[in-house]
Amino acid sequence: MGLIASVNHLLNFVAPAFFMALGLALCARIFKQNKPGSQSFIAQVAINFILGSLVLLAGLWLFSRDGKMASYAALVGLSALCQWVLSRGWR
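Taking this note's numbering, the leading residue of the sequence shown gets 829, the next gets one more, and so forth.
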């Protein structure tokens, strides 16, 4: 596999984590869940993206293949929990 194909596979692997992070941060901003003291928009996207990528990587390691629905369910659940913490939802 060449360099371009490898980069394409990597980008396609982390794309669900990126778009989930972007969507969560946008929805938090739209629905006014960003309370005083919460992280900035870019920080929310970056933290959610890193967490989501780690979840997908753990799913790849655990199941030995990509694209399992359990990995995507864990991505959604942990990203939502992370966004709740970043938005200080307990206050």
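The C-beta atom is built at its ideal place from N, Cα and C for all residues, glycine as well.
Sorted by chain position, which residues of the same chain lie with C-beta nearer than 6 angstroms to L888's C-beta, five sequence neighbours on each side aside? In the sequence shown, the residue the question calls residue 888 occupies position 60. Closer than 6 angstroms at the Cβ level, and outside the excluded window around L888, lie D894.
Where V883 falls, given that 16 or more other Cβ within 10 Å makes a residue buried: Against the sequence shown, residue 883 aligns to sequence position 55. Label assigned to V883: buried.
State the DSSP-derived secondary structure class of R857, mapped to helix, strand or coil. Residue mapping note: residue 857 aligns to position 29 of the sequence shown, counting from 1. The answer is helix: DSSP assigns R857 an H, G or I state.
Select from G880, L885, L839 the residue whose C-alpha is nearest the C-alpha of Q911. Position 83 of the sequence shown, counted from the start, is the residue given in the question as residue 911. It is G880 whose Cα lies nearest to the Cα of Q911.
When N836, I858, S868, A849 are compared against G905, the one with the closest alpha-carbon: For the purposes of this step, residue 905 is taken as the residue at position 77 of the sequence shown. Closest by alpha carbon: A849.
If we ignore side chains and look at the alpha-carbon of each, how far apart do N836 and A843 end up? If you number the sequence shown from 1, residue 836 lands on position 8. If you number the sequence shown from 1, residue 843 lands on position 15. The alpha-carbon atoms of N836 and A843 are separated by roughly 10 angstroms.
CA nearest to the CA of L852, picked from G830, S834, I875: Within the sequence shown, the letter at position 24 stands for residue 852. Checked all of G830, S834, I875; the closest Cα to L852 is I875.
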